[in-house]
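**Student:**
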Amino acid sequence: MVTQCGIEVNPTKIKAILNRVPPTSINEVQRLIERMAALSRFISKSAEKDLPFLKTLRKVKYFEWMEECRRAFEELKTYLAKLLLLVKPIPGDTLYLYLASTSQVVSSILVREEDGAQTPIYYVTYLLCQ
Numbered sequence: 621m622v623t624q625c626g627i628e629v630n631p632t633k634i635k636a637i638l639n640r641v642p643p644t645s646i647n648e649v650q651r652l653i654e655r656m657a658a659l660s661r662f663i664s665k666s667a668e669k670d671l672p673f674l675k676t677l678r679k680v681k682y683f684e685w686m687e688e689c690r691r692a693f694e695e696l697k698t699y700l701a702k703l704l705l706l707v708k709p710i711p712g713d714t715l716y717l718y719l720a721s722t723s724q725v726v727s728s729i730l731v732r733e734e735d736g737a738q739t740p741i742y743y744v745t746y747l748l749c750q
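When the sequence shown is numbered by this note's numbering, its final residue is 750 and no position is left out of the sequence of numbers.
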């Protein structure tokens, strides 16, 4: 949702994940990943947060919700409960681009500094093929 202050995440999409119980089937994991994809522009290192759920999908013969998935799911809910507003860039302002990478994920964030605090403009995350 675009406001005068910037771009805010749709609260309905956040509630859809916050009110979820942990998935009990592969289809439910797929729906969770789809919902996270819709919010990816607001989530720092979103592919890294998706990784435990994507690993679950690789085990197509049977569903197993591992401890790593449970922990990642709870961390995701905590993160989503306090999402930041994305601000718009102002022509002439200095922008900063931060890059982080692991063996599985490359993430970046574009930020603007305002009153000594950096606020996010956009997040990009890419999952590397394995």
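Each residue gets a CB set at the ideal place from its N, CA and C atoms; glycine is no exception. Note that this is a predicted model, so its numbers are computed, not measured.
Could you give the distance in angstroms between the alpha-carbon of ILE663 and the alpha-carbon of LEU703?
**Tutor:** In the sequence shown, residue 663 corresponds to position 43, counting from 1. In the sequence shown, residue 703 corresponds to position 83, counting from 1. The alpha-carbon atoms of ILE663 and LEU703 are separated by roughly 8 Å.
**Student:** So LYS681 packs on VAL725, CB below 8 Å; how close in whole Å?
**Tutor:** The residue labelled residue 681 in the question sits at position 61 within the sequence shown. The residue labelled residue 725 in the question sits at position 105 within the sequence shown. In fact, because the Cβ distance is near 26 Å, the residues do not count as touching under 8 Å.
**Student:** Report yes or no: do three or more beta-carbon pairs, one from the segment 705 to 721 and one from the segment 631 to 648, lie closer than 8 Å?
**Tutor:** Contact between the segment 705 to 721 and the segment 631 to 648 is absent, because fewer than three Cβ pairs lie under 8 Å.
**Student:** What do you get for THR698, buried or exposed, if any count of 16 or more other CB atoms within 10 angstroms of its CB means buried?
**Tutor:** For the purposes of this step, residue 698 is taken as the residue at position 78 of the sequence shown. By the 10 Å Cβ count, THR698 comes out exposed.
**Student:** Pick from ARG732, CYS749, GLY736: whose alpha carbon is nearest that of TYR743?
**Tutor:** As a working mapping, residue 743 is identified with position 123 in the sequence shown. The shortest Cα separation from TYR743 among ARG732, CYS749, GLY736 belongs to ARG732.
**Student:** Counting only runs that start and end within the segment 666 to 718, where is the alpha helix (DSSP H) found for 4 or more residues in a row?
**Tutor:** 666 to 678, 687 to 700
**Student:** Spatial neighbours of ASN647 within its chain, please: CB distance less than 8 Å, with the 5 preceding and 5 following residues excluded, ordered by chain position.
**Tutor:** Here residue 647 corresponds to residue number 27 of the sequence shown, with the count starting at 1. Hits under 8 Å: none found.
**Student:** Using DSSP with H/G/I as helix, E/B as strand and the rest coil, what is PRO642?
**Tutor:** Locating residue 642 in the sequence shown gives position 22, counting from the first residue. Note: PRO642 maps to coil in three-state DSSP.
**Student:** What would DSSP say about THR632, mapped onto helix, strand or coil?
**Tutor:** Looking up residue 632 in the sequence shown gives position 12. DSSP places THR632 in the helix class (H, G or I) of the three-state scheme.
**Student:** Rank LEU747, TYR746, LEU748, LEU717 by C-alpha distance to the C-alpha of PRO740 and give the top, closest one.
**Tutor:** Position 120 of the sequence shown, counting from 1, holds the residue named residue 740. Of LEU747, TYR746, LEU748, LEU717, the residue nearest in Cα terms is LEU717.
**Student:** Taking the DSSP output, what are the residues bridged to TYR733?
**Tutor:** Along the sequence shown, read from residue 1 onward, the residue named residue 733 stands at position 113. Reading the sequence as shown, one finds Glu at residue 733 and not Tyr. DSSP output for GLU733 lists GLN738 as bridge partner(s).
**Student:** Buried or exposed: where does MET656 fall if 16 or more other Cβ atoms within 10 Å of its Cβ makes it buried?
**Tutor:** As a position in the sequence shown, residue 656 is number 36, starting the count at 1. It counts as buried.
**Student:** Would you kindly work out how many angstroms separate the C-alpha atoms of GLU734 and LEU715, rounded to a whole number?
**Tutor:** Here residue 734 corresponds to residue number 114 of the sequence shown, with the count starting at 1. Here residue 715 corresponds to residue number 95 of the sequence shown, with the count starting at 1. Going by the C-alpha atoms only, they are around 10 Å apart.
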